[in-house]
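Residue numbers (UniProt numbering): 1 to 591.
Written as C-alpha cells, this is what we have:
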C-alpha cells in the first residue's frame, strides 16, 4: 500500500511539474515571438556594450531567452553568441551616429585564436570610423587580452592580474585508466604524426607529436605577440620578456610594460568614460547590448539585391550521416550544399569550416558534393579555428582555401581504433559472452573478443587504402604532386601561416575575405550581393526541447544501469571513436 501511495504521489508531482514547465514554454513562445518583433530605439551618445565572455559560435538564432531577466534556473548566463552577429554589429556601429564608441568586455572569451583574430580585425576596422574602444577588467586571460589589446584605454583592477605568459597545450592520456579497467585498444594508423590515438596507447606524447605541437604553438604565439606589439606600441622582445618573467601578473607590471593604460576600479573607469562622453558625474551612460543593438534600425542602407553568396557552416566534429548538437552530419550538410548549388540566386558558395574532423566516410561524402558544386559555381573554403583531418577533407576540393594565420589545419591522415571490452565485462562486471557464427568472421568487428591476425591485417590494409584515397584527392585539389603532398601529410598539424607557406592554404584571411573572393570569382560587384548563412540556427524553443531530450536520455541510462551509468557512458564515448576516422590529435586546449 505504501509503495502504491509513493507511485501516486510521484505521478501527481510529475503532472504538476509538467504543467508548470508547459506553462513557461507557452509563455516563452509568446515572449520569443514578441521579442523578435520589438525594435530598439537608440539614444544619442550611446555606447555599444560588447560582452565576449561567452562561448562564441558561428551563428545564433535571433530570438533571445525570454526568461533570462528572471535569473535563477531560467537564466543561461553562458549562452552562446555568434560571429555573424558580432561582425554585423561592428559594421553597423561604425556607421551609426548614435554610437560613440564600444565598451569591450573580453576577460575570458570562449573561442579559439582564429575566431578571436577575426573579431579583433573587425574591431580594428571599427576604429577606422574614429570612434573609441574602452575596456575594463578585473583580470584577463591570454585570449582575452589578445582581443582587448586593440583598445584605446585598458583599465586593470588594482587587485587584479593578467595571464600573459605565452601559450601551452596539454594532452590527457588514458592508457593507465584503460589498463585498470581491462579495456584493450586496438589501433591502426598511417603517418608518424597521426597522434589522435596516442592518448589510448601511451602515457605521454611521442617525440614526433611534441615536435609538431612545438612548431604549431610557437608559430601562433609569435604571430599573436607581433599583433599585440603593434597595437600597444612596443616590440616582441619586450613582450617575450614580460611573459618569461611573469611581469604582467601584477597590475603595476602590466602598466610598466604598456599592456594596460590605467590601473583603477570600475568607478574610476566609469568616471573616465563619462569624461570622454562629456557627461556629468551623476549622468547615466547609455549602454546598449549586442542583441538589443541589432534590433535597432540599421544605419547601413538595406541591400535588396537578389544575388546571394551562400555560406554553408560546418561546425564541430564529423560524426556520421546525421548531426547532433554542435557536430556535423554529412547528410544535413550535403542537403544545404545541394540547395545552394541548385539555387539560381546563389552565385557562389563559401564553406565555413570549424572542425577537427571525424568520420572518414562522412568526410568523403561531403568532399564529393563539393566537387559537384564547384562544377556549377565558385566554391571557396573559409577555415575558422580548426579545419583539420576530416575538416581539411571538406575544404580541399574548393577553388580557393582561406585560413586565419592561427587556424589549425592539415592533419592529413586517417586511423582506425577499436576497443576490446572482453576482460572489462568479465573481470569488472561479471559479464561473459559466447557466440555462434555462420562464417569465419560473422561477428566482425566486435568489442567482446580479441581480433584475429587476419582481421588486424585486413583493417590495416583498409586504413592504408583510405590514406591513399585522402592524399591523392588532396594532391588533386591542391594541384601538387602526390610526393609533395605526402611530405606534408602523415597526420602533421599545421598553423594557417605554415599551411600557406607549404601550399595547403591559398590565402590568409577571415570569412569576409573568403566572401569577397567568392564574389570576385562570380563576377559580382561590391554591393551587388549579400551573404546568407545556412543552416538556420535553432530557436530558443528548439534548444529547450533538445536539452530536455538530453536530460531524458541521461535519466533512462541511470534507470537502466544505476551506479554503472557513468562507466557505460564512457564506453559509449569510446565506441563513438571506433572505425576509420579522419580526426586530428586531441582538440588542442590552449592555455
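A virtual CB, placed ideally from N, CA and C, is assigned to each residue, including glycine.
How big is the Cα-Cα spacing for residue 174 and residue 425? The residue you call residue 174 lines up with position 174 of the chain shown. The residue you call residue 425 lines up with position 425 of the chain shown. Spanning the two alpha carbons is a distance of roughly 18 Å.
May I have a chain-ordered list of the beta strand (DSSP E) segments no shorter than 3 residues that lie completely inside the segment 93-119? 99-105
Under 8 Å: do the segment 427-439 and the segment 202-212 share three or more Cβ pairs, one atom per stretch? no
Would you mind reading off the limits of the alpha helix (DSSP H) that contains residue 497? Position 497 of the chain shown holds residue 497. First-last of the alpha helix (DSSP H) with residue 497: 496-502.
Along the chain, where does the beta strand (DSSP E) containing residue 51 start, and where does it finish? On the chain shown, position 51 is the one that residue 51 refers to. Taken as a continuous stretch (DSSP letters only), the beta strand (DSSP E) holding residue 51 covers 46-51.
Which runs of the alpha helix (DSSP H) spanning at least 4 residues fall entirely within the segment 138-188, listed in chain order? 142-148, 175-181
With burial defined as no fewer than 16 other Cβ atoms inside 10 Å of the residue's Cβ, what is the status of residue 478: buried or exposed? As a position in the chain shown, residue 478 is number 478, starting the count at 1. Its Cβ being crowded by 16 or more others within 10 Å, residue 478 is buried.
How is the alpha helix (DSSP H) around residue 477 delimited, first residue to last? The residue given as residue 477 occupies position 477 in the chain shown. First-last of the alpha helix (DSSP H) with residue 477: 453-478.
Would you mind stating whether residue 192 and residue 490 have Cβ atoms separated by less than 7 Å? Working through the chain shown from its first residue, we reach residue 192 at position 192. Working through the chain shown from its first residue, we reach residue 490 at position 490. Yes, these two residues count as a Cβ contact at 7 Å.
Alpha carbon to alpha carbon, how far is residue 276 from residue 151? To locate residue 276, count along the chain shown from 1; it is residue 276. To locate residue 151, count along the chain shown from 1; it is residue 151. One C-alpha to the other measures close to 14 Å.
Suppose contacts are defined by Cβ-Cβ distances below 7 Å. Is residue 362 in contact with residue 188 by that definition? Here residue 362 refers to the residue found at position 362 when the chain shown is read from its first residue. Here residue 188 refers to the residue found at position 188 when the chain shown is read from its first residue. Cβ distance not < 7 Å, so residue 362 and residue 188 don't count as in contact.
Could you name the residues of the same chain whose beta carbon sits closer than 7 Å to that of residue 239, not counting the 5 residues immediately before and after it, in chain order? Along the chain shown, read from residue 1 onward, the residue named residue 239 stands at position 239. Hits under 7 Å: 225, 228, 229.
At least three beta-carbon pairs within less than 8 Å, the segment 275-289 to the segment 496-507: no
With respect to the beta strand (DSSP E) encompassing residue 368, which residues constitute its N-terminal and C-terminal limits? Here residue 368 is taken as the residue at index 368 of the chain shown, counted from 1. First-last for residue 368: 360-373, but that is the alpha helix (DSSP H), not the beta strand (DSSP E).
Straight-line Cα distance separating residue 161 from residue 260: Translated into positions along the chain shown, residue 260 becomes position 260. Translated into positions along the chain shown, residue 161 becomes position 161. One C-alpha to the other measures close to 11 Å.
Looking at C-beta atoms only, is the number of pairs between the segment 485-499 and the segment 439-446 that lie closer than 8 Å three or more? no
Restricting to Cα atoms, I'd like to know which of 55, 323, 294, 111 is closest to residue 386. Working through the chain shown from its first residue, we reach residue 386 at position 386. Ranking 55, 323, 294, 111 by Cα distance to residue 386 puts 111 first.
Tell me the residue span of the beta strand (DSSP E) that contains residue 385. On the chain shown, position 385 is the one that residue 385 refers to. That run of the beta strand (DSSP E) goes 379-388.
For residue 81, which beta-bridge partners are listed by DSSP? For the purposes of this step, residue 81 is identified with residue 81 of the chain shown, where counting begins at 1. The partner list for residue 81 (beta bridge, DSSP) reads 56.
Helix, strand or coil at residue 269 according to DSSP, with G and I counted as helix: What you label residue 269 is simply residue 269 of the chain shown in a count that begins at 1. Note: residue 269 maps to helix in three-state DSSP.
Going by other Cβ atoms of all chains shown within 10 Å of its Cβ, with 16 needed for buried, is residue 271 buried or exposed? Position 271 of the chain shown, counted from the start, is the residue given in the question as residue 271. Burial call: exposed.
Can you tell me which of the three DSSP states residue 355 falls into? As a first step, residue 355 must be located in the chain shown, where it is residue number 355. Correct three-state label for residue 355: strand.
Going by other Cβ atoms of all chains shown within 10 Å of its Cβ, with 16 needed for buried, is residue 467 buried or exposed? The residue you call residue 467 lines up with position 467 of the chain shown. Buried, by the Cβ-count rule.
What are the boundary residues of the beta strand (DSSP E) that residue 225 is part of? On the chain shown, position 225 is the one that residue 225 refers to. First-last for residue 225: 207-232, but that is the alpha helix (DSSP H), not the beta strand (DSSP E).
Between the beta-carbon of residue 327 and the beta-carbon of residue 316, is there less than 7 Å? To locate residue 327, count along the chain shown from 1; it is residue 327. To locate residue 316, count along the chain shown from 1; it is residue 316. Cβ atoms of residue 327 and residue 316: closer than 7 Å.
Alpha-carbon to alpha-carbon, residue 396 and residue 451: The count along the chain shown starts at 1 and reaches residue 451 at position 451. The count along the chain shown starts at 1 and reaches residue 396 at position 396. Cα to Cα, the separation comes out at about 35 Å.
To the nearest angstrom, how far is it from the Cα of residue 132 to the Cα of residue 120? As a working mapping, residue 132 is identified with position 132 in the chain shown. As a working mapping, residue 120 is identified with position 120 in the chain shown. So the two alpha carbons sit approximately 14 Å from each other.
Give me the residue from 274, 341, 365 with the minimum Cα distance to residue 330. Here residue 330 refers to the residue found at position 330 of the chain shown. Ranking the options by Cα distance to residue 330, first place goes to 365.
Among the candidates 536, 95, 46, 51, whose CA atom is the shortest distance from the CA of residue 299? For the purposes of this step, residue 299 is taken as residue 299 along the chain shown, with counting starting at 1. Ranking 536, 95, 46, 51 by Cα distance to residue 299 puts 95 first.
Cβ shell of residue 166 (< 6 Å), same chain only, five flanking positions each side left out: For the purposes of this step, residue 166 is identified with residue 166 of the chain shown, where counting begins at 1. Same-chain partners within the cutoff: 221, 243.
Just confirm the distance between the C-beta atoms of residue 295 and residue 283, as a whole number of angstroms; I'd bet it's less than 8 Å. Position 295 of the chain shown, counting from 1, holds the residue named residue 295. Position 283 of the chain shown, counting from 1, holds the residue named residue 283. Residue 295 to residue 283, Cβ: 25 Å. No contact.
Since I believe residue 53 is in contact with residue 109 (beta carbons under 8 Å), could you give me their beta-carbon distance rounded to a whole number of angstroms? As a working mapping, residue 109 is identified with position 109 in the chain shown. As a working mapping, residue 53 is identified with position 53 in the chain shown. Rounded, the Cβ-Cβ distance is 6 Å, consistent with contact.
Rounded C-beta distance between residue 524 and residue 307? I'm assuming under 8 Å. Counting from 1 along the chain shown, the entry for residue 524 is found at position 524. Counting from 1 along the chain shown, the entry for residue 307 is found at position 307. Yes, residue 524 and residue 307 are in contact; Cβ-Cβ is about 6 Å, under 8 Å.
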